[in-house]
Amino acid sequence: MFRKILIATDNSALMDNIIEYTATLFPYSQYYVINVIDTSSGPVPMTYLLHETLSKISREAVDNAKKRLQDMGIDGVVKMTPQGKPSHEILSAIRKHEIELLVMATHAKSGTQRLHIGKTCRRCLRRVHCPVMIINKPPRPVRPSRILNPTSGSKYSKGASELAALLAEHFGAILTNLFIGPEEKMAESFDYVIGGTKSLGVKLNEMVCDSVPERCIIEETKKNDLLICSRGRRGVAYKFRIFAHRLALGKLERDIIAQGEIPLIMVND
Numbered sequence: 039m040f041r042k043i044l045i046a047t048d049n050s051a052l053m054d055n056i057i058e059y060t061a062t063l064f065p066y067s068q069y070y071v072i073n074v075i076d077t078s079s080g081p082v083p084m085t086y087l088l089h090e091t092l093s094k095i096s097r098e099a100v101d102n103a104k105k106r107l108q109d110m111g112i113d114g115v116v117k118m119t120p121q122g123k124p125s126h127e128i129l130s131a132i133r134k135h136e137i138e139l140l141v142m143a144t145h146a147k148s149g150t151q152r153l154h155i156g157k158t159c160r161r162c163l164r165r166v167h168c169p170v171m172i173i174n175k176p177p178r179p180v181r182p183s184r185i186l187n188p189t190s191g192s193k194y195s196k197g198a199s200e201l202a203a204l205l206a207e208h209f210g211a212i213l214t215n216l217f218i219g220p221e222e223k224m225a226e227s228f229d230y231v232i233g234g235t236k237s238l239g240v241k242l243n244e245m246v247c248d249s250v251p252e253r254c255i256i257e258e259t260k261k262n263d264l265l266i267c268s269r270g271r272r273g274v275a276y277k278f279r280i281f282a283h284r285l286a287l288g289k290l291e292r293d294i295i296a297q298g299e300i301p302l303i304m305v306n307d
């Protein structure tokens with residue numbers, strides 16, 4: 039499905055679950071694992087001892103990720119431990135290796151901080167052009183049988199709908215198309231999705247959101263295994279996303295990423 043997958047690993051317990059889940063879904067992909075030695079923090083130069091400590095932690099992270107993938111039967115894993123700003127190095131690796139899917143955790147925090155998207159995740163989302171699978175709690179390592187695709191009916195949501203249909207075919211999953219846009223776009227949106235899924239032989243459910251979009255989506259994730267949506271935000275604010283990472287995502291997308299109960303694949307422009 040995805041020829042090349044990059045996993046941004048942080049050596050956390052959650053990351054072990056993420057690696058196992060990703061390998062279960064896409065066992066035939068070429069895998070790359072990256073852990074960036076962050077040399078961008080603070081005005082004080084990094085000491086030799088600190089640099090050596092961070093380098094060791096970084097090597098352990100990618101070594102553990104590679105071993106985890108090998109335990110899942112995946113060979114030829116490429117390890118990377120670059121130095122610099124994490125988001126910049128991740129994006130550089132995506133361009134260099136022509137990555138088709140980036141996999142990352144939303145954060146490495148717990149408690150109330152789980153409601154906030156991590157800095158590196160936000161910065162990657164504002165610039166990356168390949169799909170990003172974002173996970174914020176341990177997923178079950180099984181292939182999805184039900185896929186949810188919220189759509190507004192706009193031209194920007196079509197890429198996510200196309201990927202959702204392809205993944206539903208790939209996994210033999212039922213696809214639910216949840217319409218959250220203006221009423222005048224509903225018929226056009228359903229016609230577009232029906233046309234794509236019919237040719238693929240995908241079983242499709244159609245739903246219309248009858249309350250607040252965030253509430254609709256969160257409620258429907260409880261009945262599905264995988265969520266696929268577009269980045270969402272467009273217009274003047276989106277054009278300034280390079281200068282302020284929060285402008286790359288609308289409130290709806292931020293809430294879904296932070297509070298979602300199932301893995302999410304976000305499709306960017």
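One point on numbering: in this note's numbering, the residue at position 8 of the sequence shown is 46, and numbering is uninterrupted. We put the CB at the ideal spot given by N, CA and C, even for glycine. Every value quoted in this text rests on a predicted model; they were computed, and no experiment measured them.
Assumed close pair residue i, residue j - CB separation to whole angstroms, cut-off 8 Å
{"i": "Arg184", "j": "Lys261", "result": "7 Å"}
{"i": "Asn187", "j": "Thr158", "result": "That belief does not hold up - the Cβ atoms of Asn187 and Thr158 are roughly 26 Å apart, past 8 Å."}
{"i": "Thr144", "j": "Ile75", "result": "No, Thr144 and Ile75 are not in contact; Cβ-Cβ is about 21 Å, not under 8 Å."}
{"i": "Arg321", "j": "Thr62", "result": "In this structure the chain extends from 39 to 307, so residue 321 is not present and cannot be described."}
Contact under 8 Å by Cβ, residue i with residue j
{"i": "Arg269", "j": "Glu244", "result": "no"}
{"i": "Val166", "j": "Asn73", "result": "no"}
{"i": "Leu216", "j": "Ile255", "result": "yes"}
{"i": "Leu139", "j": "Pro169", "result": "yes"}
{"i": "Cys267", "j": "Met304", "result": "yes"}
{"i": "Ser93", "j": "Gly122", "result": "no"}
{"i": "Pro251", "j": "Ile218", "result": "yes"}
Exposure label - residue i; buried when at least 16 CB within 10 Å
{"i": "Glu221", "result": "exposed"}
{"i": "Gly239", "result": "exposed"}
{"i": "Asp248", "result": "exposed"}
{"i": "Glu90", "result": "exposed"}
{"i": "Phe40", "result": "buried"}
{"i": "Val141", "result": "buried"}
{"i": "Glu299", "result": "exposed"}
{"i": "Phe281", "result": "Below a pLDDT of 50, predicted positions are generally treated as unreliable, and Phe281, at 39, falls in that range; the measurement from the model is reported next regardless. Phe281 comes out exposed."}
{"i": "Arg133", "result": "exposed"}
{"i": "Glu257", "result": "exposed"}
Could you pull out every unbroken beta strand (DSSP E) segment of at least 3 residues lying fully inside the segment 99-150, listed in chain order?
-> 116-118 and 139-143
Quick one: any contact between the segment 61-80 and the segment 101-112, if contact means 3 or more CB pairs under 8 Å?
-> yes
Counting pairs of beta carbons, one from the segment 200-213 and one from the segment 227-242, are three or more of them closer than 8 Å?
-> The answer is yes - the segment 227-242 touches the segment 200-213, with three or more Cβ pairs under 8 Å.
Three or more C-beta pairs closer than 8 Å, one from the segment 82-93 and one from the segment 174-181: is that the case here?
-> Contact fails between the segment 82-93 and the segment 174-181, because fewer than three Cβ pairs, one in each stretch, are under 8 Å apart.
Taking one C-beta from the segment 48-60 and one from the segment 94-111 each time, how about it: are there three or more such pairs within less than 8 Å?
-> Judged by pairs of C-beta atoms under 8 Å, the segment 48-60 touches the segment 94-111, as three or more such pairs exist.
Enumerate, from N- to C-terminal direction, the unbroken beta strand (DSSP E) stretches of 3 or more residues contained entirely within the segment 189-264.
-> 212-217 and 242-246
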